[in-house]
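S.K.: My questions all concern the structure below.
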Amino acid sequence: MAAPNCCSLSAAFQEYLRHLGLQDFPCGLGSWNKSCPSGRRSPRRVQPGQEEAVLDEETPEALLELLRDQHSPWALPQDCSPQDRLLREVAVLAPELVHGSKVYQVLKSLRMVDKGVEEVDEGVLQFQQLEELILSANQISRITSANLPRTLKVLELCCNTVGDLEDLCSQPPPELQHLGLGHNRLCGPSQDKFLTGDFWPNLISLDLSFNSLTDLLGLVSQLTTLQKLRILVLQGSPLALIPTYRGFLVDSLPKLSLLDDIYVGPDERQQFRGLARQPELSRSEARVVVSVGEMKGVPDPSALQQLEVGSEAPVITCSYFVTYEFPEGEEEEELEDESNTEVTKTQQSPTVSVLDVASSAQDIGETKNQQDPAATDEPKTHSARVFATPGKPWADTIDCSYTKEHIAKDLVGLKSYLAAGTVVSVVEEKVLSWPVDADPEDNKKEGQDSAKRRPSRDKKKKQQQQQPRELRSDPPILRTLGTTRVTLEALLATEDLVETVCDFGVLITEKPPEPPVPEEKDEKKGKDKNKKTKAEGKGKNKDTAEPEEGQELQPVPLVVQFQMQLLRWPLAVGAHSQENEAVEVEKTQ
């Protein structure tokens with residue numbers, strides 16, 4: 004139960020005690036407790052509107068049963084903390100121990116989670132036996148170590164707003180074995196100097212997860228002074244995105260037994276042996292590979308182009324591609340490759356390559372303006388660019404076959420990007436191509452031609468059909484068919500791969516255009532013929548029409564295979580070596 008008006012830990016603790024009701028039946032020094040001396044008994048508290056009843060004395064065992072029996076109205080909820088249960092049972096068996104200031108002597112563990120605590124005040128020093136202090140999910144930004152009991156062995160400050168460790172390290176508890184600082188606002192490398200053996204000589208477990216620490220080499224140099232450190236959690240921090248992150252830590256901290264909740268075994272130590280002596284491999288950059296596979300469910304554009312053969316209507320060409328966002332801040336040579344649209348697939352390495360296929364990394368800002376508002380209204384904490392796969396013609400299954408490696412140097416920006424997820428869209432590019440000898444305005448006047456000139460015109464059309472016509476193309480028309488957000492938070496934990504099938508739902512296709520009719524007589528004949536054909540079709544296929552319609556109405560959702568992989572050592576080292584070889588070959592040529 005949160006206490007929004009409580010700022011100090013002492014005030015929050017007093018509110019917590021009142022909520023437990025340690026002086027109310029069946030707890031406390033009441034007349035109902037047979038074990039209490041008569042001189043120290045207090046009358047039972049009666050709620051407003053209730054009549055005072057005379058209670059017989061009960062043994063502590065009977066009163067304790069009222070707390071433990073789940074059918075009892077005084078029973079604690081099943082999800083209550085061990086601390087709640089302990090205090091209430093002590094209030095029955097030895098109520099004098101939780102009366103007044105004596106309660107501070109009982110507790111060795113204090114758990115105050117989500118109580119609105121903003122300050123650890125001097126009143127906490129009254130807990131002279133306290134060994135464990137859990138202050139998760141509060142609003143603590145700074146903590147003064149002089150107000151912490153010297154007996155403290157566990158200090159948990161997860162999910163607060165701590166951004167500076169200087170005050171905590173002024174007089175730290177000498178016996179502290181666990182320090183939990185996950186999900187706070189620590190930014191390196193200014194805070195690394197406070198994580199040494201000089202301040203925490205007995206520290207065994209350290210949680211720094213989901214902060215903004217970026218200097219892997221600097222942090223490790225400080226952690227090596229913690230001689231008793233066995234458990235370390237750094238997942239969710241920007242430095243954990245570096246390919247050699249885990250290997251460098253495992254080799255640099257030989258006594259470490261658990262890293263990011265994963266056991267460090269002898270095989271892993273052998274695998275990363277010697278990596279600590281190669282700091283040049285632990286550069287502050289991350290390597291991410293994005294792959295786009297098959298696309299299904301795109302409506303057939305030919306159904307919308309039922310025009311007469313030989314008409315002067317434009318030739319419509321449709322292609323389809325997938326776009327996704329990735330944060331800015333890639334190295335310069337990556338960006339230079341993006342502007343080179345002449346790079347072909349044959350120039351790529353058979354493994355993951357940093358080179359782009361034609362227009363594979365083109366910046367299409369137009370599509371960002373056409374995305375669904377539902378997927379783009381969320382506030383973003385990173386600056387991102389839009390990348391696109393090469394355009395592919397329509398097919399029942401469009402194989403994008405797209406793979407691109409990104410090198411991100413802004414690790415903090417990459418962390419924010421992965422936490423927010425990426426926006427994936429399917430875009431249709433439509434190009435209208437017109438015959439060079441035809442003008443779109445002339446097509447509108449086609450119905451006004453004389454019937455006497457029809458034979459010569461038809462003859463001319465047949466001659467044009469036999470010869471390839473030169474076409475001129477209008478600027479492409481881009482239309483977003485679907486947009487969705489892909490969750491990437493797993494890459495901030497211990498996962499290296501996020502693989503999903505983006506489902507954009509069933510697309511509602513447009514009604515196909517009516518074929519142009521040059522003369523009114525032909526239009527009337529065509530309508531009569533269509534009516535006759537429909538009437539005959541209803542008569543002949545009366546039994547088979549309904550199943551065919553049922554099959555046509557079956558919804559086919561638009562789906563795209565999408566995956567993002569965070570490269571780890573040694574995969575990233577192999578890709579980096581191939582990149583260097585490609586650069587050397589270019590220089591020699």
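Numbering (this note's numbering), first residue to last: 4 to 592.
C-beta: ideal position from N, C-alpha, C; glycine also.
Predicted model, so just to flag it, every value in this text is computed and none were measured.
Go ahead and label residue 401 buried or exposed: buried means 16 or more other beta carbons lie within 10 angstroms of its beta carbon, across all protein chains shown.
M.R.: As a first step, residue 401 is located in the sequence shown; it is residue number 398 there, counting from the start. Residue 401 should be labelled buried.
S.K.: For the structure I just gave you, are there three or more beta carbon pairs, one from the segment 269-287 and one from the segment 234-252, closer than 8 Å?
M.R.: Short answer: they touch.
S.K.: Note down the Cα distance separating residue 428 from residue 147, rounded to an integer number of angstroms.
M.R.: For the purposes of this step, residue 428 is taken as the residue at position 425 of the sequence shown. For the purposes of this step, residue 147 is taken as the residue at position 144 of the sequence shown. In a straight line, the C-alpha of residue 428 is about 50 Å away from that of residue 147.
S.K.: For residue 16 and residue 113, I'd like the C-alpha separation in whole angstroms.
M.R.: Within the sequence shown, residue 16 is the residue found at index 13, counting from 1. Within the sequence shown, residue 113 is the residue found at index 110, counting from 1. Each residue's Cα considered, the two are about 9 Å apart.
S.K.: Name the residue from 131, 117, 151 whose alpha carbon lies nearest to the alpha carbon of residue 107.
M.R.: Within the sequence shown, numbered from 1, the residue matching residue 107 stands at position 104. It is 131.
S.K.: Please classify residue 359 as buried or exposed, where buried requires at least 16 other C-beta atoms within 10 Å of its C-beta.
M.R.: As a first step, residue 359 must be located in the sequence shown, where it is residue number 356. Any reading at residue 359 needs caution, since the residue's pLDDT is 35, under 50, leaving its predicted position unreliable; the model's value is listed next. Classification for residue 359: buried.
S.K.: Look at the Cβ atom of residue 254, then the Cβ atom of residue 277, and state whether they are nearer than 8 Å.
M.R.: Here residue 254 refers to the residue found at position 251 when the sequence shown is read from its first residue. Here residue 277 refers to the residue found at position 274 when the sequence shown is read from its first residue. Cβ distance < 8 Å, so residue 254 and residue 277 count as in contact.
S.K.: Taking the CB atoms as reference points, tell me whether residue 244 and residue 417 lie closer together than 8 Å.
M.R.: As a first step, residue 244 is located in the sequence shown; it is residue number 241 there, counting from the start. As a first step, residue 417 is located in the sequence shown; it is residue number 414 there, counting from the start. The answer is yes: Cβ separation under 8 Å.
S.K.: Compute the Euclidean distance between the alpha carbons of residue 422 and residue 569, then round it to the nearest angstrom.
M.R.: As a working mapping, residue 422 is identified with position 419 in the sequence shown. As a working mapping, residue 569 is identified with position 566 in the sequence shown. Looking at the two C-alpha atoms, the distance is approximately 14 Å.
S.K.: Skipping 5 residues on each side, what residues in its chain have a beta carbon closer than 8 Å to that of residue 506?
M.R.: Residue numbering aside, residue 506 sits at position 503 when the sequence shown is read from its first letter. The answer, listed in chain order, is 487, 560, 561, 562.
S.K.: Taking its Cβ as the centre, do 16 or more other Cβ atoms sit within 10 Å of residue 602, making it buried, or is it exposed?
M.R.: Nothing can be reported for residue 602: it is not among the residues displayed for the chain, which extend from 4 to 592.
S.K.: Given residue 573, which residues of its chain have a CB within under 8 Å of its CB, disregarding the five upstream and five downstream residues?
M.R.: Position 570 of the sequence shown, counted from the start, is the residue given in the question as residue 573. If we look at residue 573 and ignore the five residues flanking it on each side, it has no Cβ neighbours.
S.K.: At what residues does the beta strand (DSSP E) containing residue 438 begin and finish?
M.R.: Reading the sequence shown from its first residue, position 435 is the one you call residue 438. Here the beta strand (DSSP E) through residue 438 covers 425-438.
S.K.: Exposed or buried, residue 478, counting other C-beta atoms within 10 Å across all chains shown (16 or more means buried)?
M.R.: Here the question's residue 478 lines up with position 475 in the sequence shown. With fewer than 16 other Cβ atoms within 10 Å, it is exposed.
S.K.: Which residue from 228, 111, 118 puts its Cα closest to that of residue 14?
M.R.: In the sequence shown, counting from the first residue as 1, residue 14 sits at position 11. Checking every option, the nearest Cα to that of residue 14 belongs to 118.
S.K.: For residue 183 and residue 210, which I take to be in contact (beta-carbon distance under 8 Å), what is that distance rounded to the nearest angstrom?
M.R.: Stepping through the sequence shown from its first residue, residue 183 is reached at position 180. Stepping through the sequence shown from its first residue, residue 210 is reached at position 207. So it is a contact: roughly 4 Å between Cβ atoms.
S.K.: Using beta carbons (cut-off 8 Å, strictly below), is residue 166 in contact with chain C?
M.R.: This model lacks chain C altogether; it includes just one protein chain.
S.K.: With residue 135 as the anchor, note down where its beta strand (DSSP E) starts and where it stops.
M.R.: Along the sequence shown, one-based indexing puts residue 135 at 132. That run of the beta strand (DSSP E) goes 135-137.
S.K.: Taking the alpha-carbon positions, what's the residue 365 to residue 437 distance?
M.R.: Translated into positions along the sequence shown, residue 365 becomes position 362. Translated into positions along the sequence shown, residue 437 becomes position 434. Confidence at residue 365 is low in this model, with a pLDDT of 39, below 50, so its placement is unreliable and no value can be given for it.
S.K.: Which same chain residues, not among the five before or five after residue 140, have their C-beta less than 7 Å away from its C-beta?
M.R.: Locating residue 140 in the sequence shown gives position 137, counting from the first residue. 116, 117, 162, listed in sequence order.
S.K.: Can you name the residues that DSSP bridges to residue 506?
M.R.: Translated into the one-based positions of the sequence shown, residue 506 becomes position 503. Note: residue 506 sits in a beta bridge opposite 562.
S.K.: Using CA atoms only, rank isn't needed, just tell me which of 187, 419, 159 is closest to residue 166.
M.R.: Along the sequence shown, one-based indexing puts residue 166 at 163. The option with the nearest alpha carbon to residue 166 is 187.
S.K.: Compare the Cα-Cα distances from residue 593 to each of 420, 316, 393 and report the closest residue.
M.R.: The shown model of the chain, from 4 to 592, leaves out residue 593, and the question about it has no answer.
S.K.: For residue 157, collect the residues of the same chain with a Cβ closer than 6 Å to its Cβ; drop the 5 residues on either side in sequence, then sort them by chain order.
M.R.: Counting from 1 along the sequence shown, the entry for residue 157 is found at position 154. For residue 157, where only same-chain residues beyond five positions count, the Cβ hits under 6 Å are 135, 181.
S.K.: Per DSSP, what kind of secondary structure is residue 202 in: helix, strand or coil?
M.R.: Sequence index remark: in the sequence shown, residue 202 carries index 199 (1-based). Of the three classes helix, strand and coil, the one that applies to residue 202 here is coil, per DSSP.
S.K.: Taking 6 Å as the limit between beta carbons, can you name the residues of its chain near residue 19, skipping five residues before and five after?
M.R.: As a first step, residue 19 is located in the sequence shown; it is residue number 16 there, counting from the start. No residues qualify anywhere along the chain.
S.K.: Secondary structure at residue 15, three-state DSSP: helix, strand or coil?
M.R.: One-based indexing of the sequence shown puts residue 15 at position 12. The answer is helix: DSSP assigns residue 15 an H, G or I state.
S.K.: Around the Cβ of residue 321, are there at least 16 other Cβ atoms within 10 angstroms (buried) or fewer (exposed)?
M.R.: Within the sequence shown, numbered from 1, the residue matching residue 321 stands at position 318. Buried is the call here.
S.K.: Who are the near neighbours of residue 174 in its chain, counting only those whose CB is closer than 7 Å to its CB and skipping five residues on each side?
M.R.: Start at 1 with the first residue of the sequence shown, and residue 174 comes out as number 171. Cβ neighbours of residue 174 beyond the five flanking positions: 148, 149.
S.K.: On the DSSP bridge assignment, give the partners of residue 286 in chain order.
M.R.: Here residue 286 refers to the residue found at position 283 of the sequence shown. DSSP output for residue 286 lists no bridge partner at all.
S.K.: Secondary structure at residue 395, three-state DSSP: helix, strand or coil?
M.R.: As a first step, residue 395 is located in the sequence shown; it is residue number 392 there, counting from the start. Looking at residue 395 - three-state DSSP - the assignment turns out to be strand.
S.K.: Under 8 Å by Cβ, that's how I've got residue 263 and residue 497 pegged, so tell me the actual separation to the nearest angstrom.
M.R.: Looking up residue 263 in the sequence shown gives position 260. Looking up residue 497 in the sequence shown gives position 494. Contact holds; Cβ gap of about 6 Å.
S.K.: Does the beta-carbon distance from residue 160 to residue 176 come in below 8 Å?
M.R.: Taking the first residue of the sequence shown as position 1, residue 160 is located at position 157. Taking the first residue of the sequence shown as position 1, residue 176 is located at position 173. No, they are not a contact pair.
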